[in-house]
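> Sharing a structure below in structure tokens format, with a few things to ask.
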Amino acid sequence: MSINTPKRTDRKLRESKPRDSKPGETPPREGAIDKYFGITRHGSNYGREIRAGITTFLAMSYVIFVNPSVLNDAMAGQMPDVGNLFTQLVMVTCMAAILGSLYMGLIARYPFAQAPGMGLNAFFSYTVVLGMGYRWETALGAVFISGVLFIILSILGVRQAIARALSGSMKYAITAGIGAFLAFLGLKNMGFVVANDATLVGIGDITAPHVWLGMLGLLIIAVLMKLKVKAAILLGIIATTLIAIISRLPVYPGADEGTFAAFSGFGGSPIQMPIWPSDLAFHLDIGGALSAGLLSVVFTFFFVDFFDATGTLTGLSQRSGMIGPDGEMPRAKTLFSMDGLAALTGAALGTSTTTAYVESAAGVEEGGRTGLTAVTVAGFFGLAMFFSPVIAAVPTSATAPALVLVGALMMEGARHIEWADISESLPAFLTIIVMPLTFSIAEGVAIGLVAYALIKICSGRVKEAHWILYLIAALLIVRWVWLG
Numbered sequence: 030m031s032i033n034t035p036k037r038t039d040r041k042l043r044e045s046k047p048r049d050s051k052p053g054e055t056p057p058r059e060g061a062i063d064k065y066f067g068i069t070r071h072g073s074n075y076g077r078e079i080r081a082g083i084t085t086f087l088a089m090s091y092v093i094f095v096n097p098s099v100l101n102d103a104m105a106g107q108m109p110d111v112g113n114l115f116t117q118l119v120m121v122t123c124m125a126a127i128l129g130s131l132y133m134g135l136i137a138r139y140p141f142a143q144a145p146g147m148g149l150n151a152f153f154s155y156t157v158v159l160g161m162g163y164r165w166e167t168a169l170g171a172v173f174i175s176g177v178l179f180i181i182l183s184i185l186g187v188r189q190a191i192a193r194a195l196s197g198s199m200k201y202a203i204t205a206g207i208g209a210f211l212a213f214l215g216l217k218n219m220g221f222v223v224a225n226d227a228t229l230v231g232i233g234d235i236t237a238p239h240v241w242l243g244m245l246g247l248l249i250i251a252v253l254m255k256l257k258v259k260a261a262i263l264l265g266i267i268a269t270t271l272i273a274i275i276s277r278l279p280v281y282p283g284a285d286e287g288t289f290a291a292f293s294g295f296g297g298s299p300i301q302m303p304i305w306p307s308d309l310a311f312h313l314d315i316g317g318a319l320s321a322g323l324l325s326v327v328f329t330f331f332f333v334d335f336f337d338a339t340g341t342l343t344g345l346s347q348r349s350g351m352i353g354p355d356g357e358m359p360r361a362k363t364l365f366s367m368d369g370l371a372a373l374t375g376a377a378l379g380t381s382t383t384t385a386y387v388e389s390a391a392g393v394e395e396g397g398r399t400g401l402t403a404v405t406v407a408g409f410f411g412l413a414m415f416f417s418p419v420i421a422a423v424p425t426s427a428t429a430p431a432l433v434l435v436g437a438l439m440m441e442g443a444r445h446i447e448w449a450d451i452s453e454s455l456p457a458f459l460t461i462i463v464m465p466l467t468f469s470i471a472e473g474v475a476i477g478l479v480a481y482a483l484i485k486i487c488s489g490r491v492k493e494a495h496w497i498l499y500l501i502a503a504l505l506i507v508r509w510v511w512l513g
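Given below as structure tokens:
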């Protein structure tokens, strides 16, 4: 089913064509790198792609410290003799992000970064290892198997067939839903939105330095974008960081959980030599993961990342103008395969599922249109292995505003949803609203697809949807019943 591409995307597609030369003028020569990535062809340039990569990296750099913290909670009890476990997990996190982003940039040639996924790492640690009592090596085996399944389905064309079968309204809803999810994540990271026992969520302490610094950062980025300043998002992140450091604002995590402190310096040299994660790399247990008891675990890893990554990649492709008027994504089979390859590689190195990062939207808004953006992200994760103290100097109050602003921009696609048709609008609305409320892109996509299929069937409009969507909806219902 094809879709009508919005005006903004049409403009981007026109810009992506090679610039015509004037009569008598020599056409611009493209170097080998430019030609491979199609930088000029996409209306971009080296500076813009690199700036976009830096922006994406800063927006997702929290994974360097958060992912090791989550995995350490599960592994430390099973590895009491490993004194530098956290450091090894930092190395593994960076290595998985480097390889995952290189796969996406060099092979698929898309501007999307990959790293160990949040949520999936929590399921790995707190449910599979700590809750069910499995060894971390066996849990990694389950992640590896799910990665193999991703690749197989991508090669067979199943994932791209699902993306192609989505109606126009659902594609726009996924993009807008990711925007709502990003905005919610940003507000949460800056402390503006907090948990509330009575109302589930509530407003935080807006007088707290980390909250108003985040709001100030949002204002800075918005003003820079309104003034059409190049690299507005990146400059906003840097400016907010400098304000935090120079003013000695207590916006960095303190010694006790839930407390904040001012920037305390780099704690010695800002340079730290990386180490090889010998206690983690290639210790996965694939045989143990194939046991019947872990089938539900493998299925959960597979399901969550399948719909999370499929929704993320579809939404980001829509936003970056990669989806043409015919609804097709270039090199779609390769694009989806790289997500599976990243999950497989990450498991081999010693981390939970590596997947496409929704924060890549920040780089897309900064102008990233080619694989050079993802390669730049990989390069900065490589530097982070040497300069992790410098990366830690960027507080979440500086990166959170970028997520809120990018989320607002991604909501633009919602105006193209067929709101007058309830069979299109209700599933689209559920997709958008469920993503932030459940903190899961995968659940938003799943709820939207099931609602879309059921409404079409019950209203006698079965022929308006692709048969693949009905099959997926049935499988999703079986999954909910099976896993409760």
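Residue numbers (this note's numbering): 30 to 513.
By construction, the Cβ of each residue, glycine as well, lies at the ideal position given by its N, Cα and C atoms.
Going by CA-CA distance only, name the one from I93, I136, R164 and A443 that's closest to G316.
Ranking the options by Cα distance to G316, first place goes to R164.
> Please go through the same chain and pick out, in chain order, the residues whose beta-carbon is closer than 6 Å to the beta-carbon of P238, but skip the five residues on each side of it.
Contacts found: L278, P279 and V280.
> Tell me whether P140 sits in a helix, a strand or coil according to DSSP, three-state version.
Correct three-state label for P140: coil.
> Have a look at the DSSP bridge pairing and note the partners of G231.
Note: G231 sits in a beta bridge opposite V223.
> In chain order, what residues of the same chain have a beta carbon less than 8 Å from the beta carbon of D521, not counting five sequence neighbours either side?
The first residue shown for the chain is 30 and the last is 513, placing residue 521 beyond what the model contains.
> Could you check which residue in A413, P430, A361 and L401 has the C-alpha nearest to that of G391?
The sequence given here places Ala at residue 391; Gly does not occur at that position. Of A413, P430, A361 and L401, the residue nearest in Cα terms is P430.
> Using beta-carbon positions only, say whether G146 and D334 come within less than 8 Å of one another.
A contact, by the Cβ cut-off of 8 Å.
> In whole angstroms, give me the CA-to-CA distance for G134 and A227.
Rounded to the nearest angstrom, the two C-alpha atoms are 45 Å apart.
> Roughly how many angstroms lie between the CA atoms of V258 and V252, to the nearest whole one?
Cα to Cα, the separation comes out at about 9 Å.
> Only counting runs of 3 or more residues, tell me where the beta strand (DSSP E) segments fall wholly within the segment 366 to 446, in order along the chain.
You should have 383 to 385.
> Would you check if the distance between the CB atom of S175 and the CB atom of V327 is smaller than 8 Å?
Closer than 8 Å, so yes.
> Under the three-state reduction of DSSP, which class applies to F468: helix, strand or coil?
In the structure shown, F468 sits in coil (DSSP, three-state: anything other than H, G, I, E or B).
> Contact defined as beta carbons within less than 8 Å: I believe L149 pairs with T382. What is the distance between those atoms, to the nearest angstrom?
L149 to T382, Cβ: 4 Å. Contact.
> For A105, which residues from the same chain have a beta carbon less than 7 Å from its beta carbon, with the 5 sequence-adjacent residues on both sides left out?
Taken in chain order, the residues that qualify are L114.
> My guess is that A88 and G246 are in contact by the Cβ rule of under 8 Å, so how many angstroms apart are they, rounded?
Actually they are not in contact, since the Cβ atoms of A88 and G246 sit about 12 Å apart, beyond 8 Å.
> Determine the closest residue to L131 out of T425, F409 and M414, with distance taken between C-alpha atoms.
Closest option to L131, Cα to Cα, is F409.
> Suppose you measure from the CA of I352 to the CA of S346; what does that come to, to the nearest Å?
So the two alpha carbons sit approximately 6 Å from each other.
> Any idea what DSSP makes of P23, helix, strand or coil?
Not covered by the structure: residue 23. The range shown for the chain is 30 to 513.
> Along the alpha helix (DSSP H) that carries Q347, what are the first and last residues, could you check?
Unbroken alpha helix (DSSP H) run through Q347: L324 to R348.
> Quick one: what's got a C-beta closer than 8 Å to V177's C-beta in the same chain, skipping five residues either side?
Contacts found: G369 and L373.
> Out of Q107, I497, T425 and T84, which one is the CA nearest neighbour of D308?
For D308, the nearest C-alpha among the options comes from Q107.
> So, at 6 Å on beta carbons, what are the nonlocal neighbours of R80 in its own chain, with the 5 sequence-adjacent residues on each side left out?
Excluding positions up to five away in sequence, the list reads A260, L263 and E395.
> Just mark R444 as buried or exposed, buried being the case when its beta carbon has 16 or more other beta carbons within 10 Å.
When all chains shown are included, R444 counts as exposed.
> Mark V491 as exposed unless 16 or more other C-beta atoms lie within 10 angstroms of its C-beta, in which case mark it buried.
Burial call: exposed.
> Return helix, strand or coil for K51, following the three-state DSSP convention.
Note that K51 scores a pLDDT of 49, beneath 50, so its modelled location is shaky; the value from the coordinates is reported in the next line. The answer is coil: DSSP assigns K51 none of H, G, I, E or B.
> Roughly how many whole angstroms lie between the Cα atoms of S50 and R70?
With a pLDDT of 45 at S50, under the threshold of 50, the predicted position of this residue should be treated as unreliable, and no value is reported.
> Tell me Y281's beta-bridge partners as DSSP assigns them.
Paired residue(s): A290.
> For the structure I just gave you, are there three or more beta carbon pairs, one from the segment 207 to 219 and one from the segment 430 to 439, closer than 8 Å?
The segment 207 to 219, when compared against the segment 430 to 439, does touch it at the 8 Å Cβ threshold.
> In angstroms with no decimal places, state the Cα-to-Cα distance between I486 and F179.
Straight-line Cα distance between these residues: approximately 29 Å.
> Report all residues from its chain with a CB closer than 6 Å to the CB of E54; omit the five preceding and five following residues, and keep chain order.
Reliability of the predicted coordinates at E54 is poor, the pLDDT of 49 falling under 50, and no value is obtained from them.
> Alpha carbon to alpha carbon, what distance is there between W511 and Y499?
So the alpha carbons of these two residues sit roughly 18 Å apart.
> DSSP puts P145 in a beta bridge; with which residues?
Its beta-bridge partners are T383.
> Based on Cα-Cα distance, which residue from V230, T380, P354 and R348 lies nearest to Q117?
Of the listed residues, the one whose Cα sits closest to Q117 is T380.
> With K330 and A475 assumed to form a contact (beta carbons below 8 Å), what rounded beta-carbon distance in angstroms separates them?
The sequence shown places Phe at residue 330, not Lys. 15 Å between Cβ atoms; not a contact.
> Near T122, which residues of its chain fall below 8 Å by C-beta distance, leaving aside the five closest residues on each side in sequence?
The answer, listed in chain order, is V92, I93, N96, P97, A144, P145 and T380.
> Rounding to the nearest angstrom, what Cα-Cα distance links E59 and K200 in this structure?
Computed Cα separation, rounded: 34 Å.
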